[in-house]
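A short worksheet on the structure shown next.
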Amino acid sequence: MLWYKSWLDTRWRFLIGLALLLCSAAATVLTYPQLVKLLPLVPTNIQGPLGQRIRESAELMRSYPSFVWSNWFRQNLSEGATLFAVLLGTAGLLSHSGGALFTLSLPVSRRRLLGVRAAAGLAELFVLVLVPSLLIPLLSPAIGERYGAGAALIHSVCLFTAASVFFSLAFLLSTIYSDVWRPLLIALAFAIVLALVDQLLLRSPAQSLFGVMRGETYFRAGRLPWEGLVASAAVSAALFYGAVVNFARRDF
Amino acid sequence: MAESWVIETAALRKSYDGVEALRGLDLQVPAGSICGFLGRNGAGKTTTMKILLGMVHPTGGQARVLGLAAESPRDSVEIRRRTAFVGEEKDLYGTMTVEEIVRFTAAFFPRWRDDLQQRYLRKFELPLNRKIKALSRGMRTKLSLLLALCRGAELLLLDEPTSGLDPAMAEDVLQALVAQVANEAITVFFSSHQIAEVDQIADRVAIIDRGRAVVAGDLDELRERFCRVRIVFDGDAPRASFRAPGVERVQRDGRVLTILSSRGADAVVEEARALHPLSVDVDRVTLKEIFLESAAAEE
Amino acid sequence: MLFRPNPSLGVPIYLQLMEQVKHAIETGALRPGEQLPGIRPLAEELVINVNTIAKAYRELEHEGVIELRHGSGAYVSENARAGKLAERLRAAQSVVAGAVERLRARGVNDEEIRRLFEAELAGLTRKGGRRG
């Protein structure tokens, strides 16, 4: 029944997220032919870093798989998954008006309450990442292209592992603040700041959190970013552990 | 300890940010009783109940429910398997319907009583398909009570069960409680501001004041112990001090001395006679007066 | 038939109940041999504690007003009237004892006291007697 309750609490966020990401995936595939036609129009002679960027993007669009990687996994899905990871992780566990006292009067340990909630949320996050991604291999033949389901799966796993860190962060913050907004906004702010740091200061390293999310090493060299994956999982676990400890010692 | 206490606390303490809510509470509630828990607002009633259920962690002392330690997370789960709680805010899941929350709750209790569920759904006239957030306060209270009564619990903890209810609904609630105690082996521990209610259905009472138990015990026995002795003098009443044990208050009013005693009248009457009064009268004291006397004015 | 005791009176509820039962017997609402309401249904009906009713019944049995038959319930004793009568006689006896003590204190001897009582009773009968 706890699983059912977790589903009830998050289903709208999940369903809206799924709908949006499915549309986004479909759009990614279906707009490719248009974009390819526009490619010759892209100016390639602009100087400086901006010109560099434009030339890079144009390069990536030449082949379909690199296009999918660049537009879908690197950009749309990464952003979408981070957003929904935070939304799903904002558990609303503490709010009294949400029936917190009633839940706590049930014969369930606090650890189990959190465990089920986290597991349900993570399962939803995984579906949000995987299912739209699998739509791409499914839909690509419609535009005469092919994309491997295996690649979609591997990228999804990497993306999910990295996004889980933001889920766990929001989850931990939910055990500290009883309102819905603060965990949400703080976690999002954190994500944005980290992304900026990653991109501007560190020049997007492949084993950073966002590097793992993008599955950069797999795309470029066919190699899974093991160090990054393990580190991300470890950070998620630590954040979750913090949430459990915090929740256990709270007074309601 | 030969008796089996369903609730037992010893020197229980709780501080919130430097404010002491409980300052060494000692409480014993025997099985099968209906115990009223009286106290002023902020005296510590809700805190006590929450500690018993593992919702709040005490800062000192011990609390045991059904022989299990309230501070142990594992024991606490077992406590909650056998205890039902209805909080003051009747906090439930607003987006669920009546039927959904009944099914949800029943899933956690293997000893759920379907017969009681049917009876109370009918008796309380709860609309199965209505969302909880659309229920009136009285309905929500009745629903909370149903969820508490049907789970086969051995102990009911109720925080102000009839607050905000009209007299008819309040009576329904009291009747359900009395019926449950009469027909099942259950103990009820309820806090209330309605002294008449406690008078009506409780057989034990505990009065808490500023974090400590000041009066506790069998209600009938308390009513017999507490009395008011009125001494009338020929001239002005003397400024006597009474050394008899149990003298709670001495009031001088012209020719009359009024003494409130918590240990019976005999010793007081003895001392009174030595003052050569015109008359000595012994009167009963109501629970309300016992309460007002024991729960001092706010600081 | 039994109505709700008033909890705010300061008189314990079980005593109020006992009075109600005795009153019911006196007025004939409850007859000797008749069964009293069961403890549990009565508790539900009056919305008072089951232990309170049990206590009242126990005390009434102790006074001989009712009988508790195991497995069957509570019944008004056959000699419930006699119970009341016995109580009246006990009260009367203490009145007599007090009067005798006071007369002796004034120096009246026992033989004279007996004659005074008989004269008094005889006098009432001659006047057409209020008591039979």
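Protein chains in written order, with the numbering used here: chain A, 1 to 252; chain B, 253 to 551; chain C, 552 to 683.
Just so it is clear, CB atoms sit at the ideal spot from N, CA and C, and this is done for glycine as well.
| Check | Outcome |
| --- | --- |
| Min CB distance Arg536/B to chain A below 7 Å | no |
| Stretch pair the stretch 210-229 of chain A + the stretch 103-121 of chain A: three plus CB contacts closer than 8 Å | no |
| Contact set for Gly242/A: own chain, Cβ-Cβ below 6 Å, skip 5 residues either direction | Leu172 |
| Where Ala207/B falls: helix, strand or coil (DSSP) | Nothing can be reported for residue 207/B, as the shown portion of chain B is limited to 253 through 551. |
| Cβ-based contacts, 7 Å cut-off: residues of the stretch 452-469 of chain B near chain C | Gln452, Ile453, Ala454 and Asp455 |
| For Met213/A and Ser78/A, believed in contact at Cβ under 8 Å, the rounded distance | 5 Å |
| Cα-Cα separation between Leu397/B and Val425/B, rounded to whole angstroms | 8 Å |
| In DSSP terms, what Pro282/B is bridged to | Trp257/B |
| Members of the stretch 72-105 of chain A that neighbour chain B once the beta carbon cut-off is set at 8 Å | His96, Ser97, Gly98, Gly99, Ala100, Leu101, Phe102, Leu104 and Ser105 |
| Lys243/B versus Arg249/A: straight-line alpha-carbon distance, rounded | Residue 243/B cannot be examined here, being either before or after the span of chain B that is shown, 253 to 551. |
| Within chain C, the residues that Val481/B reaches when beta carbons sit closer than 9 Å | Those do not exist, as Val481/B stays about 15 Å from chain C at its closest Cβ, beyond 9 Å. |
| Cβ-Cβ distance between Leu597/C and Arg555/C below 7 Å | yes |
| Contact with chain B by Arg682/C, beta-carbon distance below 7 Å | Here Arg682/C scores only 46 on pLDDT, less than 50, and its place in the model should not be relied on; the value that follows carries that caveat. Chain B, which has no Cβ nearer than 7 Å to the Cβ of Arg682/C, makes this no. |
| Under the three-state DSSP convention, the category Tyr372/B falls into | helix |
| Listed by chain order, chain A residues near Met307/B by CB distance under 8 Å | Leu101, Leu104, Ser105, Asp251 and Phe252 |
| Run of the alpha helix (DSSP H) containing Gln52/A, from where it starts to where it stops | Gly48 to Arg62 |
| Own chain partners of Tyr177/A with C-beta closer than 6 Å, once the 5 adjacent residues on each side are dropped | Pro183 |
| Where Gln432/B falls, given that 16 or more other Cβ within 10 Å makes a residue buried | buried |
| Best match in Lys540/B, Ser546/B and Ala517/B for proximity to Gly532/B [C-alpha to C-alpha] | The residue you asked about is not Gly; residue 532/B is Val in the sequence shown. Among Lys540/B, Ser546/B and Ala517/B, the Cα nearest to that of Val532/B is on Ala517/B. |
| Minimum length 3: unbroken beta strand (DSSP E) runs contained in the stretch 440-488 of chain B | 456-461, 464-470 and 479-484 |
| Validate contact between the stretch 152-160 of chain A and the stretch 38-50 of chain A using beta carbons, cut 8 Å, 3 pairs | no |
| Closer than 7 Å to chain C by CB, Val354/B | no |
| Nearest candidate by alpha-carbon position, reference Leu185/A, set Leu15/A, Thr82/A and Gly48/A | Thr82/A |
| Integer-rounded CB distance, given that Asp461/B should sit under 8 Å from Gly291/B | 6 Å |
| is_contact[Leu426/B, chain C] using C-beta, thresh 7 Å | yes |
| Where Ala263/B sits in the DSSP three-state scheme | strand |
| Cβ neighbour criterion (16 or more within 10 Å) applied to Cys479/B | buried |
| Beta-carbon proximity list for Gly390/B, same chain, < 6 Å, skipping 5 on both sides | Leu417 and Met421 |
| Close beta carbons around Leu509/B, own chain, < 6 Å, minus the five adjacent residues each side | Ile483 and Ala489 |
| Closest by C-alpha distance to Ser256/B, when choosing among Gly319/B, Leu408/B and Leu264/B | Gly319/B |
| Straight-line Cα distance separating Leu35/A from Arg62/A | 10 Å |
| Buried versus exposed, by CB contacts within 10 Å (16 or more), Val86/A | buried |
| Segment contact flag, the stretch 535-549 of chain B with the stretch 559-579 of chain C, C-beta cutoff 8 Å, min 3 pairs | yes |
| Residues near Leu104/A by beta carbon distance below 7 Å, same chain, minus five either side | Phe252 |
| Residue interval of the alpha helix (DSSP H) (run including Ile590/C) | Ile590 to Leu597 |
| Backbone CA spacing between Val430/B and Ile16/A [nearest angstrom] | 49 Å |
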